[in-house]
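Worksheet: one structure, shown below.
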Amino acid sequence: MTETIPPAETFFRVPGRRLAVSSKQAGSDTTLFFVHGLGGNRQQWRLQWDRFSKEPVNLVAWDALGHGESARSKHEQVFASRFSVQDLAAVLAAFPSRKRIIVAHSFGCRITLEWISGLLAAGEDIPVDGLILLGPASLAPSLKGPMFGNWMDRLPFWIASFARPALQARFEKLAWAPDVDPEILKTERQATKRNSLFMINAVRSGAAPVNTEILRHFDKPVHILAGQNDGIVPLAEVRKVDDFLPASTLDILPDCGHQIMLEQPDVVNQYIEKELQRLSPSPGEAP
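In terms of my numbering, the sequence shown opens at residue 3 and continues consecutively.
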């Protein structure tokens, strides 16, 4: 499957931190922001981008540091989640919009909720009108710990680097439903070749605790989608996220793994459509 998201517009937040950002500006007062997860990239939103690029809505997607076409780094500290939160805030500020919907996946959900919890703690307004969270990562205080659920988690880092094909195969078994389209799997396998194990470990180690109790004060609509066959994020962890958010709904999708936007794009697009309709002015109402 070919890429459908347009070439990146280089975006600088601070010197040395270069993010690949793509946008489609339709002159709308509503913008969809797409936040990928750990090891992902903005092209994973291609089926949503293709669908909504035909609609009068603005679109923004970017590659996190160390992912996709964004800059790499050999410094572990730059992957601390607080910097990803700052990147999220900076991208939203760079693309001002009266109405905003964030569509996030996996670790991107955790970054989004860390950002929101920080604003709530500071008593600041939250410049977002709704969230769609796909397979949200655990909000446990730390993500340091087993990732593969077998002997691979005990490998020293330098040995794991040589065992990458085995790690890739294990990840695919956990992440995808058994009947996933082989072409999608082939595309994603190629796209993740640039991801380093150093970066993956640094992001996991740098995940700051999220103030989950304060999230109970977030009253904007949140739609959570989880794959029944997701072997990356246990359903119990997704339910905890749902419990923390008072205005959330949870939909568990059968025959679906962790990569929900690629495995069940029509369902994801339907939820986006519902949010856009909710934010659309009623007949006779001023936009």
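All C-beta atoms in this analysis are idealised placements derived from N, C-alpha and C, irrespective of residue type, glycine included.
Considering only residues of the same chain and omitting the five flanking positions on each side of residue i, which have a CB-CB separation below 6 Å?
i: Val205; result: Leu40 and Phe81
i: His225; result: Ile134, Thr251 and Tyr273
i: Phe36; result: Trp47, Ala63 and Val105
Measure the C-alpha to C-alpha separation of residue i and residue j and round it to an integer number of angstroms.
i: Phe97; j: Asp131; result: 15 Å
i: Leu115; j: Pro211; result: 11 Å
i: Thr292; j: Ala123; result: Given that the chain is displayed from residue 3 to residue 289, the structure contains no residue 292 and the question cannot be resolved.
i: Phe109; j: Arg44; result: 13 Å
i: Gly125; j: Phe220; result: 11 Å
i: Ala92; j: His77; result: 21 Å
i: Val182; j: Leu176; result: 12 Å
i: Trp51; j: Leu61; result: 7 Å
i: Asp65; j: Pro267; result: 20 Å
i: Trp117; j: Asp127; result: 12 Å
i: Arg196; j: Ser83; result: 20 Å
i: Leu227; j: Ala238; result: 13 Å
i: Ser72; j: Arg19; result: 8 Å
i: Ser99; j: Pro256; result: 35 Å
For residue i, which residues of its own chain have a beta-carbon under 8 Å away from its beta-carbon, when the five flanking residues on both sides are left out?
i: Leu187; result: Glu174 and Trp178
i: Arg218; result: Phe246, Leu247 and Pro248
i: Pro9; result: Ser24
i: Arg241; result: Leu252
i: His260; result: Ser108, Gly137, Leu176, Ala177, Trp178, Gly229, Asp232, Gly233, Ile234 and Val235
Does DSSP put residue i in a helix, in a strand, or in coil?
i: Phe97; result: coil
i: Phe220; result: coil
i: Leu176; result: helix
i: Glu1; result: Here the chain comprises residues numbered 3 to 289, so residue 1 is not present and cannot be evaluated.
i: Ala282; result: A small correction: the amino acid at residue 282 is Ser; Ala does not occupy that position in the sequence shown. Three-state DSSP puts Ser282 in coil, outside helix and strand.
i: Thr32; result: strand
i: Glu275; result: helix
i: Gly120; result: helix
i: Glu185; result: helix
i: Glu190; result: helix
State the CB to CB distance for the pair residue i and residue j, rounded to an integer number of angstroms; the pair is presumed to be in contact (CB under 8 Å).
i: Trp103; j: Trp47; result: Looking at the sequence provided, one finds Ile at residue 103 rather than Trp. The Cβ separation is near 13 Å, so there is no contact.
i: Pro138; j: Val243; result: 5 Å
i: Ile254; j: Gln230; result: 6 Å
Could you check whether the Cβ of residue i sits closer than 7 Å to any heavy atom belonging to the ligand SAM?
i: Cys258; result: Among the components modelled here there is no ligand, and therefore nothing to report on the ligand SAM.
Excluding the 5 residues preceding and the 5 following residue i in the sequence, name in chain order all residues of the same chain whose CB lies nearer than 7 Å to its CB.
i: Ser75; result: Leu67 and Gly68
i: Ala28; result: Pro58, Val59 and Asn60
### Message
Extract the residue ranges of the beta strand (DSSP E) inside the region 37-75, only unbroken runs of 3 or more that lie entirely within it.
### Response
Secondary structure within the region 37-75: the beta strand (DSSP E) runs of 3 or more consecutive residues, fully enclosed, are 60-64 (chain order).
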